[in-house]
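> Residue numbers (the UniProt record's numbering): 1 to 266. The beta-carbon is built from N, C-alpha and C at its ideal position, and this holds for glycine as well. Computed from a predicted model, the values in this text were never measured in an experiment. If you scroll down you'll find the structure; I have some questions about it.
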């Protein structure tokens, strides 16, 4: 994997590490990655840029390797929120032959040069699940997030509301089975065709694990997924957005023993 532009002795995060490093180093203003479980958001966080996981069905997936699932989406990595809005607007939409896109309604994006945007945040209710703020490796992360919430409340007039999201461990399991099963369906053909040598050892190991999931496992994961959607919908009855730390760690150091070909799995 590429190295972090802010410190070449640290990881960029996975899996859209290349796009994140390019934008963070200033080589381009925006890049496109895909995200099903944090592959845009994690490297964006560790490289200090903006990563937006778009809503499933909002963006065209033509040309994406894993394009047959229910979680993977093409998403922008940018140097600023304004750039993210612009790139997202360009990506949104679908082609008539697309089976996965949802024929989305036109985007409602703000006028970036209007002074009226200064007051728009006053009506926004921000949800905070305190457990997420505690589940970090360094108190500096939670302190930084608390400072951001204080800024939203004291400077922009946002309301901060405490929320509860139960069964998160079950959600993690359902998520793993979902993206693992869907990724296996897309990549297993390459594996079976004798191209396994083109894959890293970690990828081959992951495919072996994902291939062990049964159809019953997948159905059970979708039931759990629907249950978690209900909990989130209940939370969104109280708040407009949910604020969390993007990652529970800062960019890890690359060990001195790491040589060329080191996996980007953290």
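(1) Closest by CA to residue 256, which one among 5, 6, 11?
(2) Give the C-beta separation of residue 187 and residue 207 to the nearest angstrom, bearing in mind that I take them to be a contact with Cβ-Cβ under 8 Å.
(3) Among residues of its own chain, excluding the 5 on either side of residue 51, which ones have a beta-carbon nearer than 6 Å to its beta-carbon?
(4) Looking only at DSSP bridge pairs, what is residue 77 linked to?
(5) Near residue 174, what residues of its chain come up, given a Cβ to Cβ distance below 6 Å and the 5 sequence neighbours on each side ignored?
(6) Using only alpha-carbon positions, find the residue among 47, 28, 19 that is nearest to residue 34.
(7) Just the C-alpha distance for residue 72 and residue 27, rounded to the nearest angstrom, thanks.
(8) Is it right to say residue 228 is buried, meaning 16 or more other beta carbons lie within 10 angstroms of its own, or is it exposed?
(9) Take residue 250 as the anchor and find which of 235, 13, 176 has the nearest alpha-carbon.
(10) Mapping the DSSP letters down to three states, classify residue 72 as helix, strand or coil.
(11) Looking only at its own chain, which residues have a Cβ that is under 6 Å from the Cβ of residue 5, when we skip the five neighbours before and after it?
(12) Go to residue 243, then tell me how far its beta strand (DSSP E) extends in each direction, as first and last residue.
(13) Does the segment 63-70 come close enough to the segment 107-115 that 3 or more CB-CB pairs lie under 8 Å?
(14) Are the CB atoms of residue 160 and residue 242 nearer to each other than 8 Å?
(15) Give the DSSP-derived three-state secondary structure of residue 266 in the structure shown.
(16) Taking the C-alpha atoms as reference points, what is the distance between residue 169 and residue 54?
(17) Would you kindly work out how many angstroms separate the C-alpha atoms of residue 179 and residue 119, rounded to a whole number?
(18) Name the two residues that bound the continuous beta strand (DSSP E) containing residue 206.
(19) Please state whether DSSP places residue 160 in a helix, a strand or coil.
(20) Tell me which same chain residues have a C-beta within less than 6 Å of the C-beta of residue 288, skipping the five on either side of it?
(21) Could you check which residue in 204, 122, 58, 181 has the C-alpha nearest to that of residue 91?
(22) How would you write the range of the alpha helix (DSSP H) that residue 179 sits in, first residue to last?
(23) Can you find the residues in the same chain that come closer than 8 Å, C-beta to C-beta, to residue 46, ignoring five residues on each side of it along the sequence?
(24) Using C-beta distances below 7 Å, list every residue in its chain close to residue 136, excluding the 5 sequence neighbours before and after it, in chain order.
(25) Of the choices 237, 64, 108, 182, whose alpha-carbon is the least far from that of residue 214?
(26) Kindly indicate the opening and closing residues of the beta strand (DSSP E) around residue 7.
(27) Which same chain residues end up closer than 6 Å to residue 139 when comparing Cβ atoms and leaving out the 5 residues on each side of it in sequence?
In short, the structure shows the following:
(1) As a working mapping, residue 256 is identified with position 256 in the chain shown. Among 5, 6, 11, the Cα nearest to that of residue 256 is on 11.
(2) Residue numbering aside, residue 187 sits at position 187 when the chain shown is read from its first letter. Residue numbering aside, residue 207 sits at position 207 when the chain shown is read from its first letter. Their Cβ separation, rounded to whole angstroms, is 6 Å, which keeps residue 187 and residue 207 in contact under 8 Å.
(3) Looking up residue 51 in the chain shown gives position 51. Correct list, in chain order: 40, 41, 44, 77.
(4) Along the chain shown, one-based indexing puts residue 77 at 77. Answer by DSSP bridge pairing, in chain order: 31, 51.
(5) Your numbering for residue 174 matches position 174 in the chain shown. The residues are 221, 224, 225.
(6) Here the question's residue 34 lines up with position 34 in the chain shown. Ranking 47, 28, 19 by Cα distance to residue 34 puts 19 first.
(7) The sequence position of residue 72 within the chain shown is 72, counting from 1. The sequence position of residue 27 within the chain shown is 27, counting from 1. When rounded, the distance between both Cα atoms is 26 Å.
(8) The residue you call residue 228 lines up with position 228 of the chain shown. With 16 or more Cβ atoms within 10 Å of its Cβ, residue 228 is classed as buried.
(9) Looking up residue 250 in the chain shown gives position 250. The shortest Cα separation from residue 250 among 235, 13, 176 belongs to 13.
(10) If you number the chain shown from 1, residue 72 lands on position 72. When DSSP states are grouped into helix, strand and coil, residue 72 belongs to the coil group.
(11) Within the chain shown, residue 5 is the residue found at index 5, counting from 1. Cβ within range, chain order: 21, 24, 25.
(12) As a first step, residue 243 is located in the chain shown; it is residue number 243 there, counting from the start. Taken as a continuous stretch (DSSP letters only), the beta strand (DSSP E) holding residue 243 covers 241-243.
(13) As far as the Cβ criterion goes, the segment 107-115 does not touch the segment 63-70, which means the pair count is below three.
(14) Counted from its first residue, the chain shown places residue 160 at position 160. Counted from its first residue, the chain shown places residue 242 at position 242. Taking 8 Å as the Cβ cut-off, residue 160 and residue 242 do not qualify as a contacting pair.
(15) Residue mapping note: residue 266 aligns to position 266 of the chain shown, counting from 1. Its pLDDT being 45, under 50, residue 266 is placed unreliably by the model, and the measurement read from it follows with that caveat. Looking at residue 266 - three-state DSSP - the assignment turns out to be coil, as it is neither helix nor strand.
(16) Along the chain shown, read from residue 1 onward, the residue named residue 169 stands at position 169. Along the chain shown, read from residue 1 onward, the residue named residue 54 stands at position 54. One C-alpha to the other measures close to 23 Å.
(17) As a first step, residue 179 must be located in the chain shown, where it is residue number 179. As a first step, residue 119 must be located in the chain shown, where it is residue number 119. If I take the Cα positions, the gap works out to 39 Å.
(18) Residue numbering aside, residue 206 sits at position 206 when the chain shown is read from its first letter. Per DSSP, residue 206 lies in no beta strand (DSSP E) segment; the continuous alpha helix (DSSP H) that holds it begins and ends at 201-210.
(19) In the chain shown, counting from the first residue as 1, residue 160 sits at position 160. DSSP places residue 160 in strand when its eight states are reduced to three.
(20) Since the first residue shown for the chain is 1 and the last is 266, residue 288 is missing from the structure and cannot be characterised.
(21) Along the chain shown, read from residue 1 onward, the residue named residue 91 stands at position 91. Residue 58 is the option with its Cα nearest to residue 91.
(22) As a first step, residue 179 must be located in the chain shown, where it is residue number 179. Start and end: 168-190.
(23) Counted from its first residue, the chain shown places residue 46 at position 46. So the qualifying residues of the chain are 4, 10, 11, 12, 13, 20, 247, 250, 251.
(24) For the purposes of this step, residue 136 is taken as residue 136 along the chain shown, with counting starting at 1. Excluding positions up to five away in sequence, the list reads 142, 245, 248.
(25) Reading the chain shown from its first residue, position 214 is the one you call residue 214. It is 182 whose Cα lies nearest to the Cα of residue 214.
(26) Against the chain shown, residue 7 aligns to sequence position 7. Unbroken beta strand (DSSP E) run through residue 7: 7-11.
(27) If you number the chain shown from 1, residue 139 lands on position 139. Here the set comprises nothing.
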